[in-house]
Amino acid sequence: MICWTVVNQKGGVGKTTTAVTLAGWLVRDGYRVLLVDLDPQASLTGYLMRETAESGQGVFDLFMPEPDVALRPVRRTAIDGMDLIAGSPALATLDRKLSGQPGQGLVLARYLQNVARHYDFALIDCPPTLGVLMINAIAAADRLLMPVQTEHLALKGLERMLRTLSMVQRTRKSAVDYLIIPSMYDRRTRASIDSLAALNREHGAKLWGEVIPVDTRFREASERGQPIPQLFPESRGARAYRVLLDELLDELLDPQGLPQREEISA
9 MICWTVVNQK
19 GGVGKTTTAV
29 TLAGWLVRDG
39 YRVLLVDLDP
49 QASLTGYLMR
59 ETAESGQGVF
69 DLFMPEPDVA
79 LRPVRRTAID
89 GMDLIAGSPA
99 LATLDRKLSG
109 QPGQGLVLAR
119 YLQNVARHYD
129 FALIDCPPTL
139 GVLMINAIAA
149 ADRLLMPVQT
159 EHLALKGLER
169 MLRTLSMVQR
179 TRKSAVDYLI
189 IPSMYDRRTR
199 ASIDSLAALN
209 REHGAKLWGE
219 VIPVDTRFRE
229 ASERGQPIPQ
239 LFPESRGARA
249 YRVLLDELLD
259 ELLDPQGLPQ
269 REEISA
């Protein structure tokens with residue numbers, strides 16, 4: 009199973025949209041996908057399920073003493089091939105509850121190892137704040153995807169994120185691969201044009217060469233609780249994420265040789 013974590017230390021830059029849209033394209037390609045909502049705001053969960061997790065039904069349960077390692081936290085969505093480990097507001101209390109407890113940074117990675125045989129991909133939607141949830145998300149990732157809205161304040165959030173990543177890499181003594189994805193790009197505005205130019209100057213080596221454009225279809229898809237590839241596959245936004253996914257898949261050594269998965273009994 010390949011794990012991608014969608015992360016940035018700024019909200020509103022397109023993290024949830026990136027996770028759910030890539031997942032939508034992956035299931036259209038026949039892959040089985042597990043989405044993980046680590047954000048206490050539970051935007052991804054609300055997008056797909058219209059409700060947050062109750063006790064024993066989501067991410068929060070994984071961090072409790074002696075958590076059940078079975079598939080109980082995993083929930084089916086309305087999209088065939090797409091499952092979810094739901095988020096909830098209770099996640100905001102984890103840093104206080106787990107303070108001083110060793111080994112809490114690898115809880116999610118260990119759980120994903122237990123279910124890896126059932127999925128081809130896991131996509132993690134990460135909170136914008138540094139804490140135990142973000143550490144878990146980075147530790148579990150094969151690659152980090154960093155959407156960055158093409159405006160000045162979002163670039164400041166990217167710098168904070170890169171400082172955090174540098175700190176985490178020093179702790180784990182290994183590099184974490186990442187890709188910066190320019191999002192919400194509006195070619196009609198000077199702010200988008202200037203911000204994209206700044207990203208190219210400062211982060212060109214790690215910057216995706218295309219952009220995710222503004223597209224009202226994203227909002228329409230969210231209101232209907234479906235990924236945009238399932239509803240509007242020919243829209244500008246959907247096609248941009250298709251290009252991104254194709255490039256990500258091409259960079260895998262053998263995307264057709266992903267580990268065989270076992271079916272999950274209902």
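Under the numbering used here, think of the first position of the sequence shown as 9, with each following residue one higher. Ideal Cβ positions, reconstructed from N, Cα and C, are used throughout, including at glycine. Quick caveat, the model's predicted, so the values are computed rather than measured.
(1) To the nearest angstrom, how far is the alpha carbon of E99 from that of D45?
(2) Quick check for students: name the residue ranges of the alpha helix (DSSP H) that lie wholly in the stretch 193-228, counting only runs of 4 or more.
(3) Whole-angstrom Cβ separation of Q238 and G22, contact assumed at under 8 Å?
(4) Could you give the first and the last residue of the continuous beta strand (DSSP E) run that contains Y55?
(5) Could you please give the first and the last residue of the uninterrupted beta strand (DSSP E) stretch that includes Q157?
(6) Which stretch, first to last residue, makes up the beta strand (DSSP E) that contains D103?
(7) Excluding the five sequence neighbours on either side, which residues of its own chain have a C-beta within less than 6 Å of the C-beta of L166, listed in chain order?
(8) Since M9 sits in a beta bridge, which residues does DSSP pair it with?
(9) Which of the three DSSP states, helix, strand or coil, is assigned to G165?
(10) Considering only residues of the same chain and omitting the five flanking positions on each side of E218, which have a CB-CB separation below 6 Å?
(11) If R225 and S243 are in contact, beta carbons under 8 Å, what's the gap, nearest whole angstrom?
(12) Starting from the C-beta of S230, find all residues in its chain whose C-beta is less than 7 Å away, skip the five residues before and the five after it, and write them out in chain order.
(13) For a test of the three-state rule: what should DSSP assign to F240, helix, strand or coil?
(14) According to DSSP, is S174 helix, strand or coil?
(15) Measuring alpha carbon to alpha carbon, tell me which residue in R40, V222, E255 and L173 is nearest L92.
(16) If you reduce the DSSP assignment to three classes, tell me which class D6 lands in.
(17) Whose C-beta lies closer than 6 Å to the C-beta of A274 among residues of the same chain, with five residues either side of it excluded?
(18) I need the boundaries of the beta strand (DSSP E) containing I87, first residue and last residue.
(19) Rounded to the nearest angstrom, what separates C134 and T25 at their Cα positions?
(20) What first and last residue would you give for the beta strand (DSSP E) that runs through V41?
(21) Pull up the distance between the alpha-carbon of E255 and that of Q112, whole angstroms please.
(22) Assuming N186 and M154 are in contact, meaning their beta carbons sit under 8 Å apart, how far apart are those beta carbons, in whole angstroms?
(23) Helix, strand or coil: which one does DSSP assign to F129?
Looking at the atomic coordinates:
(1) The question names Glu, but residue 99 is Leu in the sequence shown. Taking the straight line joining both Cα atoms gives about 10 Å.
(2) 198-211
(3) Between G22 and Q238 the Cβ distance is about 18 Å, and since that is not below 8 Å, they are no contact.
(4) Element bounds for Y55: not the beta strand (DSSP E) but the alpha helix (DSSP H), S51 to M57.
(5) In the DSSP assignment, Q157 falls within the beta strand (DSSP E) that extends over R151 to Q157.
(6) Annotation: D103 is outside any beta strand (DSSP E); the continuous alpha helix (DSSP H) that includes it extends over L102 to K105.
(7) V156
(8) None, per the DSSP bridge assignment.
(9) helix
(10) V251
(11) The Cβ separation is near 4 Å, so the contact holds.
(12) Y55
(13) Coil.
(14) In this structure, S174 counts as helix in the three-state DSSP scheme.
(15) R40
(16) Residue numbering for the chain in the displayed model covers 9 to 274; residue 6 lies beyond these limits and cannot be assessed.
(17) Caution is warranted here: a pLDDT of 37 is assigned to A274, below 50, making its placement in the model unreliable, and the coordinate value is therefore given only provisionally. Cβ neighbours of A274 beyond the five flanking positions: none.
(18) No residue range can be given for I87, since it is assigned to no beta strand (DSSP E) and is classified by DSSP as neither H nor E.
(19) 12 Å
(20) V41 to D45
(21) 33 Å
(22) The amino acid occupying residue 186 in the given sequence is Tyr; Asn does not appear at that position. Their Cβ separation, rounded to whole angstroms, is 6 Å, which keeps Y186 and M154 in contact under 8 Å.
(23) Residue state for F129 is assigned as strand, using DSSP reduced to three classes.
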